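In the numbering used here, the protein residues as written are 9 to 312.
Glycine is no exception: its CB is placed at the ideal position from the N, C-alpha and C atoms.
This structure is a prediction, so every number in the text was calculated from the model and none was measured.
So the structure is just underneath, and the comments pick up after that.
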């Protein structure tokens, strides 16, 4: 006599349901503004593992946008310049906080304003930034573009142009404290140009952390107490830290006053002119030669 089939089928169904419940949720693609009606609404819908894809264009939502850990935020255009988030000098653009990882890529953050971190602030998280443009952001204190505290940063191919710290330091980027995992703060192939502030560190301020900085075009860099930094193949200030291939020379931008930080054919930052280091900065060469030269008055005009 064979046992009834139904109890066995029920047991198999229960086992399958338990297995499906144990599987991780499928990552979702969330378009922004999309059906949520705003980027803020799309971010509120996102769960860890999701990708929030922002439509090309300039977006000014009138509020600072909170990016939860576990999310990737990406501009939907072909270039970072195609998708802009603007703070209209009224508020900070993005904030990240918590124990986890966040990736932000292919965006321009411009005209943000905050006490610390006019473009972006991050506390506690591991933050990866790829192909970002920080343009004319300002902070009342530190970190005109980015302020990071007890966070881990991994930056690559980013431009920091004409950011400002009015009463603090780190006009472009201020990093305070070690990353949660203890790994060095990493900055590679980034360009810092025309940033300004009252108290030093036009490009970068480091404090109480380890850092690995390579193939960047830098302005003034300040290394505070507790900093162990490796600088390699950079054009600009390295605050006396170790590393090979560093030098100081005019990078020969194609159109400095128009935020065109591509490089003239004779730039020492192009790989063909510096084969030991390869490309230095976020951009390669330009097709035509810029005629205008940069003057101090031209730099001051960026902040009027």
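* Using a Cβ-Cβ distance under 8 Å, would residue 196 count as near chain C? -> Among the chains in the structure shown there is no chain C, since it carries only a single protein chain.
* Asked: Residue ranges of each beta strand (DSSP E) run of no fewer than 3 residues wholly in the segment 96 to 136, ordered along the chain?
  -> Every beta strand (DSSP E) of 3 residues or more that sits fully in the segment 96 to 136 is shown, in chain order, as 102 to 105, 109 to 118, 128 to 131.
* Relative to the alpha-carbon of residue 215, which residue among 229, 204, 223, 224 has its alpha-carbon at the smallest distance? -> 229
* Asked: Nearest to residue 286 by alpha carbon, out of 254, 268, 262?
  -> Of 254, 268, 262, the residue nearest in Cα terms is 254.
* **Residue range of the beta strand (DSSP E) that includes residue 93** => 91 to 94
* Within this structure, are the beta carbons of residue 189 and residue 100 separated by less than 8 Å? -> no
* Asked: Under the rule that 16 or more other beta-carbon atoms within 10 Å means buried, what is residue 86, buried or exposed?
  -> exposed
* Asked: Is it the case that the Cβ atoms of residue 201 and residue 183 are separated by a distance below 8 Å?
  -> no
* With DSSP run on the structure shown, which of helix, strand or coil describes residue 167? -> strand
* Going by other Cβ atoms of all chains shown within 10 Å of its Cβ, with 16 needed for buried, is residue 261 buried or exposed? -> buried
* Asked: Do you know how far the Cα of residue 221 is from the Cα of residue 243?
  -> 11 Å
* To do: Report yes if the CB atom of residue 175 is closer than 8 Å to the CB atom of residue 209, and no otherwise.
  => Result no, Cβ atoms of residue 175 and residue 209 do not sit closer than 8 Å.
* Would you mind stating whether residue 185 and residue 213 have Cβ atoms separated by less than 8 Å? => No, these two residues do not count as a Cβ contact at 8 Å.
* **Simplified DSSP state of residue 48, which is helix, strand or coil** => helix
* **Beta-carbon proximity list for residue 292, same chain, < 6 Å, skipping 5 on both sides** => Setting aside the 5 residues that flank it on each side, residue 292 has no residue in the same chain whose C-beta is closer than 6 Å to its C-beta.
* Asked: Should residue 115 and residue 88 be called a contact, given that it needs their Cβ atoms to be closer than 8 Å?
  -> yes
* Asked: Alpha carbon to alpha carbon, how far is residue 73 from residue 58?
  -> 16 Å
* To do: Within its chain, find whatever has a CB closer than 6 Å to the CB of residue 218; leave out the 5 residues flanking it on each side and keep chain order.
  => If the five residues before and after residue 218 are omitted, its C-beta is found closer than 6 Å to the C-beta atoms of 192, 236, all from its own chain and listed in chain order.
* DSSP state of residue 227 mapped onto helix, strand, coil -> In the three-state reduction of the DSSP assignment, residue 227 falls in the coil class.
* Proximity winner among 272, 277, 67, 231, relative to residue 48 (alpha-carbon distances) -> 67
* To do: Kindly indicate which residue of 197, 82, 257, 266 has the alpha-carbon position closest to the one of residue 144.
  => When each option's Cα is compared against that of residue 144, the closest is 266.
* For residue 118, which of 197, 71, 112, 92 has the nearest alpha-carbon? -> The option with the nearest alpha carbon to residue 118 is 92.
* Own chain partners of residue 3 with C-beta closer than 7 Å, once the 5 adjacent residues on each side are dropped -> Since the first residue of the chain shown is 9 and the last is 312, residue 3 is not available in this structure.
* Helix, strand or coil: how does DSSP classify residue 243 here? -> strand
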